[in-house]
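Engineer:
Protein chains in written order, with this note's numbering: chain D, 5 to 103; chain P, 49 to 568.
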């Protein structure tokens, strides 16, 4: 796979993530969108790491993967919290504090 | 050994958090961890000061360019640890009063503090991301700590989704910087970015490469600025702030609005100054202070205007924290200026410490005024409070005056130094807007005082009465000591802040040249 191909894929994933974040109402779908964005960045790191023949980018991607996994764990716990409190996981339902 | 010594301010909360987890696991009943946690934080602060006194070891090669342990990071470490210590004391009082006293809160605070220290010491994109996530993950969990409450669930999920969105933006920004420079450490990135114009004219292909590089680096800068603006709660990325602050347990709110903000601002100033440098030498990416100026104006104005309309004191403090982020941004904007920049950067550090103690105190006073079952304290709840409970009322008064910026409290000098730095850097309009905003903010802060001292409660209304808690009292006293001490001798504290950044700015050019080979 060429560098241009990898970068196009990364850009597409990132844009898809932003789109999902802005349009999806299910908390889990929003979470998936955010993860798409993070993984687009990881893909970018790995692609350039290979292109440059320098492992720094790959090392960073491994760290970032571990951190995003931890993030997802906390995120899913919070989604469960929301489900227990509201009986639903739609983010637009949760509007207790609207002025 | 050298390495352990250098990292000790970060290691103390990290190891301490592990010990706290063990203590919590083997403890028969909940509670009682607040004091160890607070001591842990104060030890970390003392360690940072000891390292400062002893002189930071000059040989930091053991850190491989991942972390920059210098006086700037030690100053911020001490600020963060002090704030974290006061927050754990507040938690000791608050969580017990509201029947939330589960032990896992305290390791979470300690881990977040370690992450915050990592964040302000970072000199590599990897460490920046690592610190940001370590800090945030703990705070997300602390925000959703009131498990049964829909508000708490909503607040934490909102904060989490926008926070991880910001983290993803930050990660993508660093990926772009790595793509164009091949470095992830600040010094290496800055070297490649700033070297670009010199050999640009050589041939057409190189020129195109330089143009692409500067365009992508601007895009990366935008992503990083937006991510940081989310974290500090700057307009227009502040939407989550009031909801998250109001829904979170009040002791978490104290932590989020002071410590997290101080850490994010410290890291923000460092990454912008180190990577994009001063306005003159940064080439086509020079526009960041001008861009941030608009953000600062919007942040101050929106924060203050919306705070005017609030009826809940907790929500008012949330909007006030947005407004204060705007004032700090002024200092960040003035910091890259040649000559006067050092004092501006010092005024940022001074402001962060001043805001941390003032805000901790104000939230502490609010916690003190709220009994179990009567927590969301509105302006009306506080009617006549200071006449019935003079000491508790006086504490609230002191911290609100500091937030307003009335001498001789520290808040006045914090604002004064930031605005003076803005004037010195030649941003007269910005300084004027800040002064007007500061005057507007007096209305809603003093509104609380008017209620407390001059109004009688409505007949039949529930009377706010202070809860009894040694923890909260100690926390408020600690914050009060700093508010008064820094307000009485501000020059001495500003000199400390100046010393903190003086070393950093003097070391920056040599780090830029030496940092290249430190890249792993």
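Note that beta-carbon positions come from the ideal geometry of N, C-alpha and C, so glycine has one too.
Can you tell me whether residue 165 of chain P is buried or exposed, with buried defined as 16 or more other CB within 10 angstroms of its CB?
Structural biologist: Flag for residue 165 of chain P reads buried.
Engineer: Could you name the residues of chain P that residue 83 of chain D contacts, counting a contact when the two beta carbons are closer than 8 Å?
Structural biologist: Chain P residues near residue 83 of chain D: 205.
Engineer: When we look at the beta-carbon of residue 429 of chain P and count the other beta-carbons within 10 Å, is it buried (16 or more) or exposed?
Structural biologist: The residue in question, residue 429 of chain P, is buried, as its Cβ has 16 or more Cβ neighbours within 10 Å.
Engineer: From the beta carbon of residue 60 of chain D, is the nearest beta carbon of chain P less than 8 Å away?
Structural biologist: Yes - at least one Cβ of chain P is within 8 Å of the one on residue 60 of chain D.
Engineer: List the residues of chain D whose Cβ lies closer than 7 Å to the Cβ of residue 195 of chain P, in chain order.
Structural biologist: Within chain D, the residues near residue 195 of chain P are 85.
Engineer: When you check each C-beta in the segment 288-320 of chain P against every C-beta of chain D, which residues fall closer than 9 Å?
Structural biologist: Under the 9 Å Cβ criterion, the segment 288-320 of chain P contributes 290, 291, 294, 295.
Engineer: For residue 94 of chain D, which beta-bridge partners are listed by DSSP?
Structural biologist: DSSP lists D:30 as partners of residue 94 of chain D.
Engineer: Locate the alpha helix (DSSP H) running through residue 160 of chain P, then write down its first and last residues.
Structural biologist: Looking at the DSSP string, the run of the alpha helix (DSSP H) that includes residue 160 of chain P is 153-169.
Engineer: According to a CB-to-CB cut-off of less than 8 Å, which residues of the segment 223-235 of chain P neighbour chain D?
Structural biologist: The residues in question are 223, 224, 226, 227, 230, 231, 232.
Engineer: Kindly indicate which three-state DSSP category residue 472 of chain P falls into: helix, strand or coil?
Structural biologist: The answer is helix: DSSP assigns residue 472 of chain P an H, G or I state.
Engineer: To the nearest angstrom, how far is it from the Cα of residue 432 of chain P to the Cα of residue 397 of chain P?
Structural biologist: Going by the C-alpha atoms only, they are around 37 Å apart.
Engineer: Could you name the residues of chain D that residue 192 of chain P contacts, counting a contact when the two beta carbons are closer than 7 Å?
Structural biologist: Near residue 192 of chain P (Cβ distances below 7 Å), the residues of chain D are 82, 85.
Engineer: Count the CB pairs spanning the segment 301-315 of chain P and the segment 114-131 of chain P that are closer than 8 Å, and state whether there are at least three.
Structural biologist: Yes: at least three Cβ pairs fall under 8 Å.
Engineer: Look at residue 325 of chain P and residue 199 of chain P and say whether their C-beta atoms are less than 8 Å apart.
Structural biologist: Not in contact: residue 325 of chain P and residue 199 of chain P (Cβ atoms no closer than 8 Å).
Engineer: Name the chain D residues whose beta carbon is nearer than 9 Å to that of residue 513 of chain P?
Structural biologist: Within 9 Å Cβ-Cβ: nothing; residue 513 of chain P doesn't reach chain D, min ~26 Å.
Engineer: Thinking just about the alpha-carbon of each residue, which of D:38, D:82, D:62 is nearest to the one in residue 231 of chain P?
Structural biologist: Selected option, being the one with the closest Cα: D:62.
Engineer: For residue 201 of chain P and residue 78 of chain D, what's the separation of their Cα atoms in angstroms?
Structural biologist: Looking at the two C-alpha atoms, the distance is approximately 12 Å.
Engineer: Along the chain, where does the alpha helix (DSSP H) containing residue 102 of chain P start, and where does it finish?
Structural biologist: Run containing residue 102 of chain P: 82-102, per the alpha helix (DSSP H) assignment.
Engineer: Would you say the segment 46-55 of chain D touches the segment 54-73 of chain P, given that touching needs at least three Cβ pairs under 8 Å?
Structural biologist: The segment 46-55 of chain D vs the segment 54-73 of chain P: no contact.
Engineer: Sort P:227, P:513, P:415 by Cα distance to residue 55 of chain D and report the nearest one.
Structural biologist: The option with the nearest alpha carbon to residue 55 of chain D is P:227.
Engineer: Since residue 185 of chain P meets chain D, which of its residues come closer than 8 Å, beta carbon to beta carbon?
Structural biologist: Near residue 185 of chain P (Cβ distances below 8 Å), the residues of chain D are 74, 75, 78.
Engineer: Name the two residues that bound the continuous alpha helix (DSSP H) containing residue 320 of chain P.
Structural biologist: First-last for residue 320 of chain P: undefined, no H or E at that position.
Engineer: Taking the C-alpha atoms as reference points, what is the distance between residue 211 of chain P and residue 156 of chain P?
Structural biologist: Cα to Cα, the separation comes out at about 17 Å.
Engineer: So, is the C-beta of residue 198 of chain P closer than 8 Å to a C-beta in chain D?
Structural biologist: Yes, its Cβ sits closer than 8 Å to a Cβ of chain D.
Engineer: Straight-line CA distance for residue 108 of chain P to residue 163 of chain P?
Structural biologist: Straight-line Cα distance between these residues: approximately 20 Å.
Engineer: Evaluate contact between the segment 253-262 of chain P and the segment 282-302 of chain P, counting only Cβ atoms and requiring at least three cross-stretch pairs below 8 Å.
Structural biologist: Short answer: they don't touch.
Engineer: State the start and end residues of the unbroken alpha helix (DSSP H) segment that holds residue 529 of chain P.
Structural biologist: Its alpha helix (DSSP H) spans residues 518-536.
Engineer: Excluding the 5 residues flanking residue 153 of chain P on each side, which residues of the same chain have their C-beta closer than 7 Å to its C-beta?
Structural biologist: Answer for residue 153 of chain P: 139, 143, 190, 193, listed in chain order.
Engineer: Alpha carbon to alpha carbon, how far is residue 473 of chain P from residue 209 of chain P? Give it in angstroms, no decimals.
Structural biologist: Rounded to the nearest angstrom, the two C-alpha atoms are 37 Å apart.
Engineer: Should residue 10 of chain D be flagged as near chain P, meaning a C-beta pair shorter than 8 Å?
Structural biologist: Cβ-Cβ to chain P under 8 Å: no for residue 10 of chain D.
Engineer: Are any of the Cβ atoms in chain P nearer than 8 Å to that of residue 56 of chain D?
Structural biologist: Yes, contact with chain P.
Engineer: Would residue 18 of chain D count as contacting chain P if we go by Cβ distances under 8 Å?
Structural biologist: Yes, its Cβ sits closer than 8 Å to a Cβ of chain P.
Engineer: What residues match up with residue 172 of chain P in a beta bridge as DSSP calls it?
Structural biologist: According to DSSP, residue 172 of chain P bridges with P:233.
Engineer: Measuring alpha carbon to alpha carbon, tell me which of P:179, P:182, P:278 ends up nearest residue 206 of chain P.
Structural biologist: Closest option to residue 206 of chain P, Cα to Cα, is P:278.
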